[in-house]
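Chemist:
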Amino acid sequence: MRIETNLRDRKEQEFRELPEERNNNSSKPKKNRRRKKSMPNVVQELFWTCTEVFARGGAGTVPSRRDVERLRSVLDHMQPADVGLSPDMPYFRANEPEGIPPITYLHLYECSRFSIGIFCLPPSAIIPLHNHPGMTVFSKLLFGSMHIKSFDWATDLPHATNQNLNSHIQPHGIRLAKIKTDSDFTAPCNTSILYPADGGNMHCFTALTSCAVLDVLGPPYSDSEGRPCTYYHDFPYASFSGDERLVPEEEREGYAWLEEIENPENLLVVGAMYRGPRIVEN
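Note that the sequence shown covers residues 0 to 281 in numbering that gives the first Met the number 0.
Printed below as a string of structure tokens:
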């Protein structure tokens, strides 16, 4: 999901600097001091891994299986403290007496090949159903519980030809999609990965408790490059009549119709300054 913010322009001045190492023992071997200084924090390791995994990135370009596993491994071992978060921070409090509470976005890094950011959700907050065109996305639930529902476009129906599948694009561009995930997740859990055409490219997050999700997008959203963020509303399969042979009756609960919508009115995302360990590019 794309977040518009001017925080990036101010981040260099306001990021918390990492404390410098202090060592008054001049007799300690220099090689040990060098080794200690070279140890990266987990956020820096994540950045370095992303620069390698997405080195030849572009819309629709999927990293190799080996690179996917490398990045997944780094994310799987990340903890809230690694990015300076804890559940008692103001971001995770449901202060709104009514309606859906706002979501806070912490921007860590963005370039033309990938972006890194954290969504902080109070209980009951919702990131509506949206897509990730041409992207490979890694989502790590740092803490808390959330419900994830995701879809891929239905392109491989065993009883459908391209002709009759295309004929079931409903008015207003409503298209048939297959449900990929419809489950609750509680940290610690494995990093979820979605691909340009598989893995649940369109997904929705609903916070069951306060929770934080670290997202890596490769490449990031870009209107100018044809990667805008599009939102959807989903309807049960039975909502529209059509060719009964398209999906067997016993499988229809696994499909839904998706309608493209304008930006949801009840979505409020506010930017805040990330104050965890700093990413150093050089």
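Here a beta-carbon is modelled for each residue, glycine too, at the ideal position from N, C-alpha and C.
A quick note: this is a predicted structure, and the numbers were derived from the prediction, not measured.
#1: Output the distance between the C-alpha atoms of Pro219 and Met134, rounded to the nearest integer angstrom.
#2: Does the Cβ-Cβ distance between Ile147 and Pro121 come in under 9 Å?
#3: In the DSSP output, which residue or residues are listed as bridge partners for Tyr291?
#4: Using CA atoms only, rank isn't needed, just tell me which of Asp87, Glu109 and Ser144 is closest to Ser182.
#5: Answer with buried or exposed for Val52, where buried requires no fewer than 16 other C-beta atoms within 10 angstroms of its C-beta.
#6: Between which two residues does the beta strand (DSSP E) carrying Phe184 extend?
#7: Less than 9 Å between the C-beta atoms of Leu213 and Val67, yes or no?
#8: I'd like the span of the beta strand (DSSP E) that includes Ser221, first residue to last.
#9: Which residue's Cα is closest to the Cα of Arg69: Cys49, Pro127 and Glu250?
#10: Please go through the same chain and pick out, in chain order, the residues whose beta-carbon is closer than 7 Å to the beta-carbon of Trp152, but skip the five residues on each side of it.
#11: Over the uninterrupted beta strand (DSSP E) stretch that includes Phe234, give me the two end residues.
#12: By the three-class DSSP mapping on this structure, what secondary structure does Thr48 have?
#13: So what does DSSP say about Asp151, is it helix, strand or coil?
#14: Could you compute how far the alpha carbon of Ser308 sits from the alpha carbon of Ile117?
#15: Which same chain residues, not among the five before or five after Arg251, have their C-beta less than 8 Å away from its C-beta?
#16: Classify Leu84 as helix, strand or coil using the three-state DSSP reduction.
#17: In the DSSP assignment, what are the bridge partners of Leu213?
#18: Look at the alpha carbon of Lys30 and the alpha carbon of Glu44, and state the distance between them as a whole number of angstroms.
Modeler: Quick answer:
#1: 7 Å
#2: no
#3: Outside the displayed range of the chain (0 to 281) lies residue 291, so it cannot be described from this structure.
#4: Ser144
#5: buried
#6: Arg174 to Thr185
#7: no
#8: Element bounds for Ser221: n/a, residue is neither H nor E.
#9: Cys49
#10: Arg174 and Ala176
#11: Tyr230 to Pro235
#12: helix
#13: strand
#14: Any property of residue 308 remains undetermined from this structure, which presents the chain solely from 0 to 281.
#15: Tyr236 and Ala237
#16: coil
#17: Ile117 and Lys139
#18: With a pLDDT of only 44 at Lys30, under 50, the local geometry of the prediction cannot be trusted, and no value is derived from it.
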